[in-house]
Structure formats: C-alpha cells, structure tokens
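In the UniProt record's numbering, the protein residues as written are 1 to 474.
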C-alpha cells in the first residue's frame, strides 16, 4: 500500500476543518474515497463542496463529513507537506546542475563535502512542476502518470525543452524518449494541459540555427505552449569546459556571443508581439542576457504576468517596479544617535541594480549605505548570482570589511526553502552569531524597506507573506 502523507500540524480557527472537528495530529488518509498520496491529491480532491474525510487519530479510524464553499480553504496546515518521495531524473543532461557541484564525498576519506545533501537530488517530477514551477523534461512519464495528468488537469507545467531537434536533444538530455519532446507537448495539449518551456542555450550546441528551429517549432504549438524562456547555460568551476560525447565542451557565453543571441531573440519578440492581440512577445530572455550584454531591461508590460519569473525572467524589472511603488515608505530620518550604517549584500551580477536602490536609501537623513558584492570563490568567480553564494564566502567578505554597520541585509534566496541554512550547510544561526550587526534575509523590496523602518524604530508591516514565490534572486 502506498505511503500516506497528510499529518495535520495546525487547524485554522473557525475554518471548515475546525468546525468539523479535525484536530492537530490527525492523519488525513482519504477524501471522498480517494487516497491522499501527496499535496496534489489533497488540493484536487479538497476542492469539492461536499467532503467525506477519512482520517486516523491515535491509531483509530474516523470519518468526518462537512460542507464548504467551492472556493473555501479547508483550513488545514500540514506539519509535513503531503508530498511523497521526489521522482528523480534518469537523464544525463550535459549541463546538469549536479555536475556543477563538487564531489559529494571527499575521495580520500569518504567524508561529506559539507554541501547541503538535498542539492544532490535530481528531480524530474511533474507534481513539483505543477506545484512549484520546477522544470521537467517529460522523459520519465509512465502511462499511469499520463492518466493522472488527464484526470487532475495539472496545468500549466514547466518543461525543459532545450532544443526540438530530436537527434540533438537525445545528445543533450541523454534520457529515455528524449527525442520525442514535441510529441509529448502535443499529448499534453490533447488532454487540456498547457506548458511554459525553457531553452538552456549552450554556445555552439543549441544556439544559432538550432535556436531558430526550436523557437519556430514551439511557436507552432501555441496555445499549448504558453511561453518560451531562453536562458544561458550556468556553469561552475567544477563543470566548465567539460566535454560530453560528440558535443563541443561546455563554456560560458562571451559578451559578443550573448549580443548575437539577444538580437536573434528580439527579432522573434517583435514578430510575435506584432501578431498577438495583447502584444505578448511569447519568447523571453532571462535577466542574465541583459546583465551580460549591458542592455537595458524591458519595461514591465513586456513580461505580462511574469509567468517565468522564477526562471530568472523579469526578476530585475519586477524588483525595480516593486521598489518604485514602495520606496515612499522609507523613513525620512533615523533617530538619534546617528548615523546608522546599512550593508546591502548582493551578487556581483546584481550590484549595479542594488546600487540604484542604495541611492534612494541614502536620501534618509542619518544613514550610510554600502553595497557589498560577494565574489563566489566556492563555485568560481564566473558564477555571479546570489542564489549560488555559499555562507562561508559571504562571511569571509563581511569579515574583511572594516565596518559592516548596524544592519546587514541579504537576499533570502541564498537560503534553503525553510530559511535555515546556506548551500554549504552554514546555518543562519551560526552565520548571525559570527557578525556584530543585526542580520536580516529579505525576499523583496517591501521586506527590505520594512527592515529599514524597524531600524528607524518605525512600525513595520507583516513581512514575508504576500510574495512567497516571487522572491528576488538578486
């Protein structure tokens, strides 16, 4: 029998669950006779108005009946998300993130290398794609998975395409049925599921004419394909210049090559925007291309609903727009004694953008602000995003400063989902213990401003609730 997930940690007061008598510690096993295997099952079956919930309480079996509105939340918070094991990836993608990590164990002693163990899990799970926007390859779906997708209409999904040329995709992805990507997307459409796609571009491999082909063939599958993101390959010092099979060695894009890709994609954007009633460009460039080429970021309307923001598409523009709307909440002055010193820790890539925010903060009377970009020594200096900065590199950079001030603000994306540790397993508790200043990890512009307001002794808003998924990687 499949393992069940659904331990109730908390019941929201006056919710349907509370009124029906569901209690913390209960194990929700079935809803309307359907086994609850994971969070997808729970969300799907709990949407009904009439519910018969089968649960286990202290090893006794109970059945609870309740009625609620179709759009009403049941009011249950789970101690452990009702999601079973992650379906791991069977592919051997040439640019796989795992290849960019150090060996998990020190070869001479067989000891862990100190990196977070979850980093070494290769997921390719359609449930996580639906729930959290994780990209999947569609290579490992079994017939039962297709049946579940059809039943529950898990849409949209996020699909890693990389290229539509079947022969080339087999070489790049090296997994079961890798060359059938267009057929898989068409099958999604036949059961009413759409998808957002990504093309991770590798110099000399799937750019140029292959990029033209991929964009054209995916565009022919609209509206099943809702969008395409074009992303440059991300490499660390551990997998840079690695050669796989017949393909050229992996490497970073030069600025000149990046300009060529940007101009190639922008031509398609103009074409698609002109033919779309809402002016959607359909194909998007991730933020790295604009940083690499020094080009200006498109306006907010270019990104529409920011459907691929967690893939790094539009994050910078979203941050700037959000900052522009909320910076009026910055205090006018700091209370005595003054001045207050603030350090904004960021990645080397985003430093120029964070410097723009710092200029507004410097308008506060009695505030000194320093933008502190951290060079990634662990993965290599060419890794320039905040999400791949390790705790020890950040600590070393802060310790090297003569003064870090009263408040240190860092991007929350440096931490794991729970917000307790960095990539290299440095915990937030240990990190803060090594610094003399107040330390805050912020997700977005609002949390940044609220932290500054608290430093000024002003009341702050409830933090960290409204933009859980739209967190900045800067």
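C-beta atoms are modelled at their ideal positions from N, C-alpha and C, and glycine is treated no differently.
As the structure is a computational prediction, the values presented were derived from the model and not from experiment.
Looking at residue i: is its Cβ nearer than 8 Å to the Cβ of residue j?
| i | j | result |
| --- | --- | --- |
| residue 31 | residue 45 | yes |
| residue 195 | residue 159 | yes |
| residue 405 | residue 343 | yes |
| residue 335 | residue 456 | yes |
| residue 345 | residue 358 | no |
| residue 15 | residue 54 | no |
| residue 217 | residue 164 | yes |
| residue 297 | residue 306 | no |
| residue 368 | residue 331 | no |
| residue 376 | residue 389 | yes |
| residue 421 | residue 441 | no |
| residue 168 | residue 140 | no |
| residue 392 | residue 430 | no |
| residue 283 | residue 261 | no |
| residue 281 | residue 273 | yes |
| residue 224 | residue 269 | no |
| residue 329 | residue 453 | yes |
| residue 184 | residue 173 | no |
What residue range does the alpha helix (DSSP H) around residue i cover?
| i | result |
| --- | --- |
| residue 215 | 209-219 |
| residue 189 | 181-190 |
| residue 272 | 255-275 |
| residue 170 | 166-173 |
| residue 294 | Unbroken run through residue 294: none, as it is neither H nor E. |
Using alpha carbons as the reference points, say which of the options lies closest to residue i.
| i | options | result |
| --- | --- | --- |
| residue 133 | 425, 313, 410 and 436 | 313 |
| residue 433 | 443, 455, 447 and 398 | 398 |
| residue 151 | 41, 308 and 58 | 41 |
| residue 318 | 243, 446 and 22 | 446 |
| residue 243 | 93, 15 and 380 | 93 |
| residue 435 | 400, 306, 329 and 256 | 400 |
| residue 190 | 437, 50, 263 and 222 | 222 |
| residue 293 | 263, 327 and 124 | 263 |
| residue 33 | 256, 51 and 71 | 51 |
| residue 350 | 384, 24 and 285 | 384 |
| residue 381 | 193, 234 and 427 | 234 |
| residue 219 | 187, 204, 354 and 182 | 182 |
| residue 179 | 208, 170 and 187 | 170 |
| residue 25 | 13, 7, 39 and 38 | 7 |
| residue 326 | 448, 407 and 11 | 448 |
| residue 96 | 236, 444, 272 and 301 | 236 |
| residue 202 | 443, 337 and 241 | 241 |
| residue 226 | 267, 299, 258 and 303 | 303 |
| residue 300 | 324, 288 and 277 | 324 |
| residue 47 | 73, 278, 215 and 149 | 73 |
Tell me where the beta strand (DSSP E) around residue i begins and ends.
| i | result |
| --- | --- |
| residue 60 | 60-67 |
| residue 19 | Counting along the chain, residue 19 falls outside any beta strand (DSSP E), though it belongs to the alpha helix (DSSP H) covering 16-20. |
| residue 233 | Run containing residue 233: none; DSSP gives neither H nor E here. |
| residue 28 | 27-31 |
| residue 347 | 340-347 |
| residue 442 | 438-442 |
| residue 449 | From DSSP, residue 449 is part of no beta strand (DSSP E) but of the alpha helix (DSSP H) over 445-455. |
| residue 407 | 407-411 |
| residue 53 | 50-57 |
| residue 373 | 367-374 |
Residues bridged to residue i by DSSP?
| i | result |
| --- | --- |
| residue 286 | For residue 286, which the question treats as bridged, DSSP gives no partner whatsoever. |
| residue 195 | 157 and 225 |
| residue 136 | 159 |
| residue 10 | 77 |
| residue 200 | 231 |
| residue 34 | 31 |
| residue 333 | 365 |
| residue 421 | 427 |
Taking only beta-carbon positions, decide if residue i is within less than 8 Å of chain D.
| i | result |
| --- | --- |
| residue 350 | Of the chains in the structure shown, none is chain D; there is only one protein chain. |
Exercise. Does the segment 196-208 come close enough to the segment 225-243 that 3 or more CB-CB pairs lie under 8 Å?
Worked result: yes
Exercise. Looking at C-beta atoms only, is the number of pairs between the segment 154-174 and the segment 124-131 that lie closer than 8 Å three or more?
Worked result: yes
For this session: Mind the definition here: the segment 2-21 touches the segment 65-77 only if three or more C-beta pairs lie below 8 Å; say whether that holds.
Result: yes
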